[in-house]
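Counting from 1, one number per residue, gives the positions in the sequence shown under UniProt numbering.
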Amino acid sequence: MGLFNRKKRADDDNGGTKKEKGSWRRPASEHHPCEPYTAFKQQRLKAWQPILTPRTVLPTLFIIGVLFAPIVLPPMRRRKVSEMSFDYTDCELLQANNASNTSTSLSFSTMPSNKFNYKLRASDANAPFNPPEWAFIDRSGADGVSNDTARQCVVRFDVPADMDTPVLLYYKLTNFYQNHRRYVKSLDQNQLRGDRVSASKLKGGDCKPLGVLNDKIVYPCGLIANSLFNDTFTNLVSTSDSTQTYNWSEKGIAWPGESKKYATAPGNDLSEITPPPNWAQRFPQGYTNSTPPPNLKDDEHFQNWMRTAGLPTFTKLFGRNDNEKLLKGRYQITVNLNYPVRSFSGTKSIVISTVSWMGGKNPFLGWAYVAAASLLVLLGILGTIRHLIKPRKLGDMSLLSFNR
């Protein structure tokens with residue numbers, strides 16, 4: 001039995017200088033000042049843990065389920081929101097109007113029925129409207145026309161009924177995977193905040209292969225900034241009275257606090273930086289004193305784009321009007337065509353929508369809440385039936401495995 005005897009004190013004193021085998025350490029105490037004897041390190045802090053019993057869990061399931069169901073019920077959401085969308089992807093395939101045409105002499109054609117969609121609020125559901133029309137203008141090479149406004153699509157459409165404020169203008173893309181792992185991380189937060197960054201850091205960072213080009217730092221670097229959506233939209237103009245316009249504001253379209261992530265100017269000198277490759281049309285001579293880098297802190301379109309979408313079909317806010325109703329009538333909007341989508345088999349659309357206190361027209365969030373509410377109520381019912389048929393006493397020792 002000597003094999004199981006503990007070491008005697010004398011043995012401890014004699015062998016104390018030897019390193020014990022393994023990683024065993026003595027518990028902290030007043031004899032070991034290097035290891036403070038605290039309640040936190042010894043896990044002796046007071047703690048509270050709820051005891052989950054049927055009397056507490058089942059009512060909680062029912063209460064949450066009942067609260068979730070009516071808050072964002074999808075039919076209620078759709079009844080109060082109007083939305084119009086127009087897919088202008090194929091507009092550039094139309095017969096081009098020449099550079100001398102004006103909006104009054106354009107040759108319009110009717111937009112196919114699968115290219116537009118009206119989802120009106122319940123009170124306006126039966127309001128009549130004429131099919132939208134579109135026309136393509138190609139002024140490439142014309143004198144005094146910049147590259148970013150050379151190719152345009154003009155869309156004419158009816159507003160069947162007055163639309164209450166706020167009225168929002170979105171652009172919609174499909175089949176664009178902003179949620180790809182490599183794409184999402186392709187940026188440099190320090191550079192966007194205005195810090196000075198080195199070329200060597202960007203070459204080995206998340207922005208590669210768009211961190212450094214021709215020995216110059218790309219500003220802003222990365223795939224997200226390079227693929228910035230650059231189609232632009234004009235204000236709405238009434239077709240019956242060209243002096244009647246409906247103006248979009250580009251302020252207040254980004255999330256509150258987004259501007260804090262960006263700086264007004266880059267941290268590097270102009271001689272050290274170059275625009276992303278896809279920005280060449282906007283900055284044909286690169287960054288100069290006359291064409292400086294954009295003020296990212298005030299560019300809410302850029303901020304919206306940098307907040308990547310989680311699904312391949314998404315909308316992003318382009319403009320808004322919080323002060324005026326969009327009155328019933330026929331309007332036209334001009335789109336400057338710059339953004340290619342055919343390379344990834346995508347589409348691009350204009351979306352004009354109102355919102356309610358529960359959000360926009362998309363019913364996904366509403367159905368998600370209803371599904372969660374249904375699941376919680378179902379679990380509550382099943383749990384109640386189980387508890388009534390075969391209740392279990394709290395802390396019943398007879399149910400322990402070694403007592404069976």
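The C-beta atom is built at its ideal place from N, Cα and C for all residues, glycine as well.
- In terms of Cβ geometry, VAL237 and TYR171 do not form a close pair [threshold 8 Å].
- Taking C-beta atoms as the reference points, THR308 and VAL184 count as a pair closer than 8 Å.
- In this structure LYS115 touches PHE86 by the C-beta definition: roughly 7 Å separates them, less than 8 Å.
- Here the stretch 232-251 makes contact with the stretch 313-329; the two share three or more CB pairs at distances below 8 Å.
- Pairing ALA225 with GLN303 gives a Cβ-Cβ distance that is not under 8 Å.
- DSSP, read as helix, strand or coil, puts ILE385 in helix.
- Distance between ALA372 and TYR339, taken at the CA atoms: about 39 Å.
- Within the stretch 146-180, the complete beta strand (DSSP E) segments of 3 residues or longer fall at 151-159, 167-173, listed in chain order.
- Only residues of its own chain outside the window of five on either side were considered, and among them VAL159, ALA161, ASP162 have a CB closer than 6 Å to the CB of LYS328, listed in chain order.
- In the DSSP assignment, the residues bridged to GLY319 are LEU169.
- In the pairwise beta carbon analysis, the stretch 47-65 is classified as touching the stretch 377-387: at least three pairs are separated by under 8 Å.
- With contact defined as three or more Cβ pairs closer than 8 Å, the stretch 211-228 and the stretch 186-202 are in contact.
- Within the same chain, Cβ atoms closer than 6 Å to the Cβ of CYS91 are found at TRP134, PHE136, CYS153, the five residues on either side in sequence being excluded.
- Collapsing the DSSP output to three states places TRP134 in a strand.
- In this model, ALA265 and LEU93 are separated by some 39 Å (Cα to Cα).
- Counting only runs of 3 or more residues that sit fully inside the stretch 298-351, the beta strand (DSSP E) segments are 314-321, 329-336, in chain order.
- As DSSP reads the structure, GLY194 sits in no beta bridge.
- The criterion of a C-beta distance shorter than 8 Å is satisfied by GLY360 and VAL81.
- Contact check for ASP206 against ASP188 passes: the beta carbons are separated by less than 8 Å.
- By the CB criterion at 8 Å, THR53 and LEU326 fall outside the cutoff.
- In the three-state scheme derived from DSSP, where H, G and I count as helix and E and B as strand, ALA96 is classed as strand.
- Residue environment for LEU45: exposed (fewer than 16 other C-beta atoms within 10 angstroms of its C-beta).
- Note that the C-beta distance between PHE233 and PHE344 is not below 8 Å.
- DSSP, read as helix, strand or coil, puts ASN278 in helix.
- Taking 8 Å as the cut-off, the Cβ atoms of THR354 and VAL167 count as close.
- In the three-state scheme derived from DSSP, where H, G and I count as helix and E and B as strand, SER85 is classed as strand.
- Contact check for LYS297 and SER259: beta-carbon distance about 5 Å, within the 8 Å limit, so the pair qualifies.
- A check of alpha carbon separations from PRO256 across GLU300, GLY366, HIS387 identifies GLU300 as the nearest.
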